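Numbering (our numbering), first residue to last: 1025 to 1171.
Backbone N, C-alpha and C fix where the C-beta goes; we use that ideal spot for every residue, glycine too.
Keep in mind the model is a prediction, meaning the values are calculated, not measured.
Notes follow once the structure below has been shown.
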């Protein structure tokens, strides 16, 4: 990680804790403090975050900060944008092409992507028309939650 990286962070929620635990990490006091500082401060680098967190957890190592930032990015809780300021972590519809390479649809919004995925799931019999889907980006994968 670079000193010039900035982070966009979701709030510490039960969903975040669940995602961390599903990825193999327990929610320790150190990790909780780091995430709470990420969500409430304007830290622009792991080193700044480490200095601020050491006030609450004096024996905190900087490697713990780096590992947690990497894991939070992998599970889609934060995103880093090098020299670009804050960025949203949201899946977007890319270009759709047919089998001959002709463009069917250019880039679109998350709602358009969700509608296309829902239509495909309904057509294949996986979901019913009254069910809703929610998309979330986890690393480079799009997770689909049906409700």
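query: Counting pairs of Cβ atoms below 8 Å between the stretch 1079-1090 and the stretch 1141-1153, do you hit three or more?
result: no
message: In this structure, how does DSSP classify residue 1169 when only helix, strand and coil are distinguished?
response: strand
Simplified DSSP assignment, three categories, for residue 1099: coil
task: Using the DSSP secondary-structure output, state which residues sit across from residue 1149 in a beta bridge.
output: For residue 1149, which the question treats as bridged, DSSP gives no partner whatsoever.
message: Can you give me the C-alpha to C-alpha distance between residue 1156 and residue 1138, rounded to a whole angstrom?
response: 9 Å
- request: Would you kindly work out how many angstroms separate the C-alpha atoms of residue 1136 and residue 1128, rounded to a whole number?
  value: 13 Å
Neighbour-count burial assignment, residue 1055, 16 or more Cβ in a 10 Å radius: buried
field: residue 1129, DSSP secondary structure in three states
entry: strand
message: Whole angstroms are fine: how far does the CA of residue 1094 sit from the CA of residue 1069?
response: 13 Å
task: Within 10 angstroms of the Cβ of residue 1152, are there 16 or more other Cβ atoms? Answer buried if so, exposed if not.
output: exposed
- prompt: Considering only the beta carbon of each residue, do residue 1100 and residue 1117 sit closer than 7 Å?
  reply: no
- request: Alpha carbon to alpha carbon, how far is residue 1158 from residue 1169? Give it in angstroms, no decimals.
  value: 5 Å
Collapsed DSSP secondary structure at residue 1107 in the structure displayed: Caution applies to residue 1107, whose pLDDT of 37 falls short of 50 and renders its modelled position unreliable; the value that the coordinates give is listed next. It is coil, neither helix nor strand.
query: Hey, how far is the Cα of residue 1078 from the Cα of residue 1040?
result: 22 Å
query: Could you check where the alpha helix (DSSP H) with residue 1064 kicks off and where it finishes?
result: 1053-1064
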